[in-house]
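Trainee: Sharing a structure here in structure tokens format.
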Amino acid sequence: MARATSFLQLAELCAALEATTKKLKKIELIRDFLHHLQPEEIAPAVRLITGHPLGGKISSPGDSRALEVSWHTIQRVLNEQGDELSSSGSFSILDVQNYFNNIAASSGRGSRQQKEKLLRELLTSMSDVEKKYLIKIIFGEMQHGVSEGVMMQAIAKAVGVGLEQVRRAAMFMGELGEVAKIGLQQGKEGLAKIEFQLFRPVLPMLAELATDFEQVFKEHGGESAFEFKFDGARVQIHKHGHEVRIFSRRLAEVTESLPDVVELVQKEVRADEVVVEGEVIAVGDEQKPLPFQEVLRRFRRVHDVSAAMQEVPVKLYLFDLIYYQGQSMIDVPYRQRWEQLARICPPHLLAERLVTKSPEEAEQFLQKAMEQGHEGLMAKALDSLYSPGSRGKKWFKIKPAETLDLVIVAADWGYGRRTGWLSNYHLAARDEKSGEFQVIGKTFKGLTDAEFTEMTQRLQQLKVKEEGSTVYVHPQVVVEVAYNEIQRSPQYKSGFALRFARIRAIRDDKSPEQADTLLRVKRLYEQQFQRKARRIQEVNLLSEG
Ligand code: AMP
Numbered sequence: 015m016a017r018a019t020s021f022l023q024l025a026e027l028c029a030a031l032e033a034t035t036k037k038l039k040k041i042e043l044i045r046d047f048l049h050h051l052q053p054e055e056i057a058p059a060v061r062l063i064t065g066h067p068l069g070g071k072i073s074s075p076g077d078s079r080a081l082e083v084s085w086h087t088i089q090r091v092l093n094e095q096g097d098e099l100s101s102s103g104s105f106s107i108l109d110v111q112n113y114f115n116n117i118a119a120s121s122g123r124g125s126r127q128q129k130e131k132l133l134r135e136l137l138t139s140m141s142d143v144e145k146k147y148l149i150k151i152i153f154g155e156m157q158h159g160v161s162e163g164v165m166m167q168a169i170a171k172a173v174g175v176g177l178e179q180v181r182r183a184a185m186f187m188g189e190l191g192e193v194a195k196i197g198l199q200q201g202k203e204g205l206a207k208i209e210f211q212l213f214r215p216v217l218p219m220l221a222e223l224a225t226d227f228e229q230v231f232k233e234h235g236g237e238s239a240f241e242f243k244f245d246g247a248r249v250q251i252h253k254h255g256h257e258v259r260i261f262s263r264r265l266a267e268v269t270e271s272l273p274d275v276v277e278l279v280q281k282e283v284r285a286d287e288v289v290v291e292g293e294v295i296a297v298g299d300e301q302k303p304l305p306f307q308e309v310l311r312r313f314r315r316v317h318d319v320s321a322a323m324q325e326v327p328v329k330l331y332l333f334d335l336i337y338y339q340g341q342s343m344i345d346v347p348y349r350q351r352w353e354q355l356a357r358i359c360p361p362h363l364l365a366e367r368l369v370t371k372s373p374e375e376a377e378q379f380l381q382k383a384m385e386q387g388h389e390g391l392m393a394k395a396l397d398s399l400y401s402p403g404s405r406g407k408k409w410f411k412i413k414p415a416e417t418l419d420l421v422i423v424a425a426d427w428g429y430g431r432r433t434g435w436l437s438n439y440h441l442a443a444r445d446e447k448s449g450e451f452q453v454i455g456k457t458f459k460g461l462t463d464a465e466f467t468e469m470t471q472r473l474q475q476l477k478v479k480e481e482g483s484t485v486y487v488h489p490q491v492v493v494e495v496a497y498n499e500i501q502r503s504p505q506y507k508s509g510f511a512l513r514f515a516r517i518r519a520i521r522d523d524k525s526p527e528q529a530d531t532l533l534r535v536k537r538l539y540e541q542q543f544q545r546k547a548r549r550i551q552e553v554n555l556l557s558e559g
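One rule links them: number in the numbering used here = place in the sequence shown (from 1) + 14.
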């Protein structure tokens, strides 16, 4: 019988991976390791190396939540051991995998002790390097620089196929262990056979933040499909006959928490075999959207679900179709996917949508979305295919800009089409302590030709000095500036910089003293940061559901 590979060998591989910074070297090390494994060891080894011992989905955090093992427990077990000399190499990769399965499986009364006992058995018979990586695997913190991308390259090399083929198989499988096993055992043909399967979720397609409508129309060839962007939780809904299962953005199953959505889909989606995608939002009185946190409460609830259904009613908006009657729709253009979706769903289940070539119509549609309490718009290229897990310019998200009233303190002479105009405006906020105006951004966007001409004359009259191509002016002209984000900036004395600033309006009704202060900029920056941090935290929680 072939010899089993020990966990010690895997731990030593991890140590070697950590010791090199070279990506190619890492790929070679993993490739060679995979080649020496027994067939049944391949999937577990890949999962252990990538820190997903239970076969957690791609892009999801580690499995420590599912294992329900805390730092505290590990610390206690390690302390008990003291300086006892421990043996090494007594566990195989498969043994460790079995231990992990057993730890995860033990639940209910006495499970904490049972989990601890299993951990103790493992740790007491391990050398330091084994312990180190066992603990890292539990917490999904490998730190050896083997991202999913690197692992996919190593698998491609080991099988002798291109990276694209492994990526495609991985997107359908949602997990790399099985892909590696099939690839190594059945080669290229085996990988080619991995296709979309009902009840096995694929990674969702993602969107990039657009700077403005101009960019959207340029990237999408002059026409785009705009949909309301709902501030809820994304769902991928698989349906076969009466059976419906729902998966979150991070591919965790959330069916149990959403019986109302299940029922809705059973009743209203007219297809026998289908996978649709949409957003679930919480609604209050008159079906008005509630903040994202509310819907999250529903997703996390597995007990007293019917009470929760009363407390937080939800509404479903569908926007895509990725599988239909035995066929994957991933390689079908968005235009047709939507048409098919519209054929099988009643209008009230569909995201509100507008296909247009006109920036003015798009702007009005954005206003409408905002008035109804939604987050903004999505813009989708009509000819785009569904690309699971990837973020690109085929899908843009458009969030309404925030605005600040700022003072023009200098301007650069333009070139090219803007020759002869003072066009790049240096925008400043007022330092409420010193009264000084401090620059937080520059822009040449937003004015019409006539406004540029007039502004050039005005600023020349306010000129204090000219240096190179920059004219410094008395701080007098106030403009309303839209932006997408405030960033920290080492470049400006103010410490802040606006991302994608553009002038919305010239505010002659305001004096420089009424312009926004640096303190307000700082506050907005912090709020933005808190919002982001909270959202990341919440999304992480969701994925562990
Ligand atoms: P973000 O989370 O800011 O990157 O925005 C992308 C998310 O917006 C998606 O993952 C969806 O959860 C959500 N979303 C809301 N409405 C739509 C829509 N009409 N099409 C696609 N995604 C949407």
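Just so it is clear, CB atoms sit at the ideal spot from N, CA and C, and this is done for glycine as well.
Predicted model only: the values in this text are computed from it and were never measured.
Using 10 angstroms around the beta-carbon of S84, count the other beta-carbons present and answer buried if the total reaches 16, otherwise exposed.
Mentor: Exposed.
Trainee: Would you be able to state if there are at least three C-beta pairs under 8 Å between the region 293-302 and the region 329-337?
Mentor: At 8 Å Cβ cutoff, the stretches touch.
Trainee: The ligand AMP and R248: does the residue's C-beta get closer than 6 Å to at least one heavy atom of that ligand?
Mentor: Result yes, Cβ under 6 Å from the ligand AMP.
Trainee: Cβ-heavy atom distance between E416 and the ligand AMP below 6 Å?
Mentor: E416: no, Cβ never under 6 Å from the ligand AMP.
Trainee: So which of Y429, V453 and L396 has the shortest CA-CA distance to K507?
Mentor: The candidate whose alpha carbon is nearest that of K507 is V453.
Trainee: Nearest to L538 by alpha carbon, out of G69, I517 and I500?
Mentor: Per the Cα distances, I500.
Trainee: Kindly list the residues whose CB is nearer than 8 Å to the CB of Q280, restricted to its own chain and excluding five residues on each side of it in sequence; keep chain order.
Mentor: Same-chain partners within the cutoff: K253, H256 and V258.
Trainee: Classify V535 as buried or exposed, calling it buried when 16 or more other Cβ atoms lie within 10 Å of its own Cβ.
Mentor: It is buried - the Cβ of V535 has at least 16 other Cβ atoms within 10 Å.
Trainee: Going by other Cβ atoms of all chains shown within 10 Å of its Cβ, with 16 needed for buried, is N93 buried or exposed?
Mentor: The residue is exposed, with fewer than 16 neighbouring Cβ atoms inside 10 Å.
Trainee: In its own chain, which residues sit with a C-beta less than 7 Å from the C-beta of Y113, not counting the 5 before and 5 after it?
Mentor: Closer than 7 Å at the Cβ level, and outside the excluded window around Y113, lie L132 and L136.
Trainee: So does K407 have its beta carbon nearer than 6 Å to some heavy atom of the ligand AMP?
Mentor: For the ligand AMP, not one heavy atom lies less than 6 Å from the Cβ of K407.
Trainee: According to DSSP, simplified to helix, strand and coil, what is L27?
Mentor: Looking at L27 - three-state DSSP - the assignment turns out to be helix.
Trainee: Using the rule of at least 16 other Cβ atoms within 10 Å of the residue's Cβ for burial, across every protein chain shown, is K36 buried or exposed?
Mentor: Counting Cβ neighbours within 10 Å, K36 comes out exposed, since fewer than 16 surround it.
Trainee: Would you call the CB atoms of T225 and F21 closer than 7 Å?
Mentor: The answer is no: Cβ separation not under 7 Å.
Trainee: If you draw a straight line from the alpha carbon of G509 to that of L532, how long is it in whole angstroms?
Mentor: Their Cα atoms are separated by approximately 10 Å.
Trainee: Going straight from the alpha carbon of Q381 to that of E32, what length do you get?
Mentor: Roughly 51 Å separates the two Cα atoms.
Trainee: Is the CB-CB distance between K171 and R45 below 7 Å?
Mentor: Contact flag set, yes.
Trainee: So within the region 285-354, which uninterrupted beta strand (DSSP E) runs reach at least 3 residues, ignoring any that extend past its ends?
Mentor: Runs of the beta strand (DSSP E) inside the region 285-354: 287-296 and 328-338.
Trainee: Using only the alpha-carbon positions, how far apart do E468 and L436 sit?
Mentor: Looking at the two C-alpha atoms, the distance is approximately 10 Å.
Trainee: Assuming E389 contacts D245 (C-beta within less than 8 Å), just tell me the rounded distance between them.
Mentor: Yes, they are in contact, since the Cβ atoms of E389 and D245 sit about 4 Å apart, within 8 Å.
Trainee: Going by CA-CA distance only, name the one from E480, L396 and G449 that's closest to S241.
Mentor: The sequence given here places Glu at residue 241; Ser does not occur at that position. When each option's Cα is compared against that of E241, the closest is L396.
Trainee: Confirm, please, whether the CB-CB distance from R516 to A529 is below 7 Å.
Mentor: No, Cβ-Cβ distance for A529 and R516 is not below 7 Å.
Trainee: Please report the distance separating the alpha-carbon of V326 from that of P305.
Mentor: Going from the Cα of V326 to the Cα of P305 covers about 11 Å.
Trainee: Return helix, strand or coil for S50, following the three-state DSSP convention.
Mentor: Checking the displayed sequence, the identity of residue 50 turns out to be His instead of Ser. H50 falls in the coil class under three-state DSSP.
Trainee: Could you tell me the alpha carbon to alpha carbon distance between A221 and M140, rounded to whole angstroms?
Mentor: One C-alpha to the other measures close to 45 Å.
Trainee: Pull up the DSSP beta-bridge partners for E257, would you.
Mentor: Answer is H254.
Trainee: My output table needs one value for D426: the three-state DSSP class, helix, strand or coil.
Mentor: Strand.
Trainee: Only counting the same chain, and skipping five residues up and downstream in sequence, which positions put a Cβ closer than 7 Å to that of S503?
Mentor: Same-chain partners within the cutoff: G509, F510 and A511.
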